[in-house]
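*Asks:* Pasting a structure below so you can have a look.
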Amino acid sequence: MEWVRRRAGSLLGFGLLGGFVWATVVGLSMPSWFEPDESCARKFPGSDRDVSAIRTSWFPPSASCVYGDQVRPYLSPARSVVLSVIGVLLLIVLVTGLVLTVRRLRGDTGPLRTADGIDLGHRRRSHLMFGALDMGVALALLGFAGLLAIVFGGVPGVILFAVSALVGLSAFGTLLDQHMGPLPGTARDSRRRGTVAGLATLLVAAAATVLLHTAVRSMFWAVPLGAIAYAAIVAVQWSWVSRASRVRCSG
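260 is the number that my numbering gives the last residue of the sequence shown; the numbers go up by one with no jumps.
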């Protein structure tokens, strides 16, 4: 169990990647979302009736073309069973990885990293400027990835993208904090600060996307607003750590 706990990130990454592959395979196994009638016509050539309805389900994966009172399975039962079993296994891996990753926030503190020999002013400016720039680039990449998830992954793809965005920005925020964050501090401090900064940045970007509705406008505003929000959160975190350090020194 300890071996699994140490590799929580790898387990979570495997679950997310496998989930995206699963969602893509399921989506490609169903009638085309923009030309479903043509997909049914190619699957069942020679039918003397037009398609009256198309029924699809993401879980368990199934699809059928309805011709009047006749229902023809577009996705074979055997393929549906195989995809269902794989989907359940991937879900178990994903949930296990998520639980273990969240538990790491309360894990070992690790050694204390001091500020000896480090220019904290330069480190702080780098965190505010380059950290915000890096987070803006990450948000832009997430925006394009989200569009791909909607087109190719359907509902499961959108859900997996949301989870990936939460985990990815939290991990990226932690990485930025470890390299440019406030000192003194421990690895657990970096994980907590990075998670808070990443999730808050994503929340601001998501709110801008929802309020602006259109993809182009939301991308134009969500990225800079998210970067500004990240810089503001980081500035507050630096202020808290500096204040706590002064209190310890004066005590």
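All C-beta atoms, glycine included, are put in the ideal place defined by N, C-alpha and C.
Terminal residues of the continuous alpha helix (DSSP H) containing S89?
*Replies:* Sequence index remark: in the sequence shown, residue 89 carries index 80 (1-based). Its alpha helix (DSSP H) spans residues 86-112.
*Asks:* Going by the beta-carbon positions, is the gap between G162 and A72 smaller than 9 Å?
*Replies:* The count along the sequence shown starts at 1 and reaches residue 162 at position 153. The count along the sequence shown starts at 1 and reaches residue 72 at position 63. Cβ distance not < 9 Å, so G162 and A72 don't count as in contact.
*Asks:* Closer than 6 Å by C-beta to R133: which residues in its own chain qualify, once you throw out the five before and the five after it? Chain order, please.
*Replies:* What you label residue 133 is simply residue 124 of the sequence shown in a count that begins at 1. So the list reads W247, once near-sequence residues are dropped.
*Asks:* Does the structure place the stretch 104-111 close enough to the stretch 87-96 that three or more beta carbon pairs sit under 8 Å?
*Replies:* No: the two stretches stay apart, fewer than three of their Cβ pairs being nearer than 8 Å.
*Asks:* For G155, which residues from the same chain have a beta carbon less than 7 Å from its beta carbon, with the 5 sequence-adjacent residues on both sides left out?
*Replies:* Mapped onto the sequence shown, residue 155 falls at position 146. F170, listed in sequence order.
*Asks:* So, are the CB atoms of R88 and K52 less than 9 Å apart?
*Replies:* To locate residue 88, count along the sequence shown from 1; it is residue 79. To locate residue 52, count along the sequence shown from 1; it is residue 43. Cβ distance not < 9 Å, so R88 and K52 don't count as in contact.
*Asks:* Helix, strand or coil for L26, going by three-state DSSP, please let me know.
*Replies:* Mapped onto the sequence shown, residue 26 falls at position 17. Reduced to three states, the DSSP call for L26 is helix.
*Asks:* Return the first residue and the last residue of the beta strand (DSSP E) that S41 is part of.
*Replies:* Position 32 of the sequence shown, counting from 1, holds the residue named residue 41. S41 -> no beta strand (DSSP E), and no H or E assigned at all.
*Asks:* If G27 and L99 are in contact, beta carbons under 8 Å, what's the gap, nearest whole angstrom?
*Replies:* Locating residue 27 in the sequence shown gives position 18, where the first residue counts as 1. Locating residue 99 in the sequence shown gives position 90, where the first residue counts as 1. Confirmed, Cβ separation roughly 5 Å.
*Asks:* Identify whether A62 lies in helix, strand or coil by the three-state DSSP scheme.
*Replies:* Counting from 1 along the sequence shown, the entry for residue 62 is found at position 53. The answer is strand: DSSP assigns A62 an E or B state.
*Asks:* Pull up the DSSP beta-bridge partners for C74, would you.
*Replies:* Counting from one through the sequence shown, the residue named residue 74 turns up at place 65. DSSP, once it has assigned bridges, lists I63, R81 as partnering C74.
*Asks:* Throw me the rounded Cβ distance for the M39 and Y76 pair, which I believe falls under 8 Å.
*Replies:* Along the sequence shown, read from residue 1 onward, the residue named residue 39 stands at position 30. Along the sequence shown, read from residue 1 onward, the residue named residue 76 stands at position 67. Not quite, the Cβ-Cβ distance comes to about 17 Å (not below 8 Å), so this is no contact.
*Asks:* What residue range does the alpha helix (DSSP H) around G155 cover?
*Replies:* Locating residue 155 in the sequence shown gives position 146, counting from the first residue. Segment 129-189, the alpha helix (DSSP H) holding G155.
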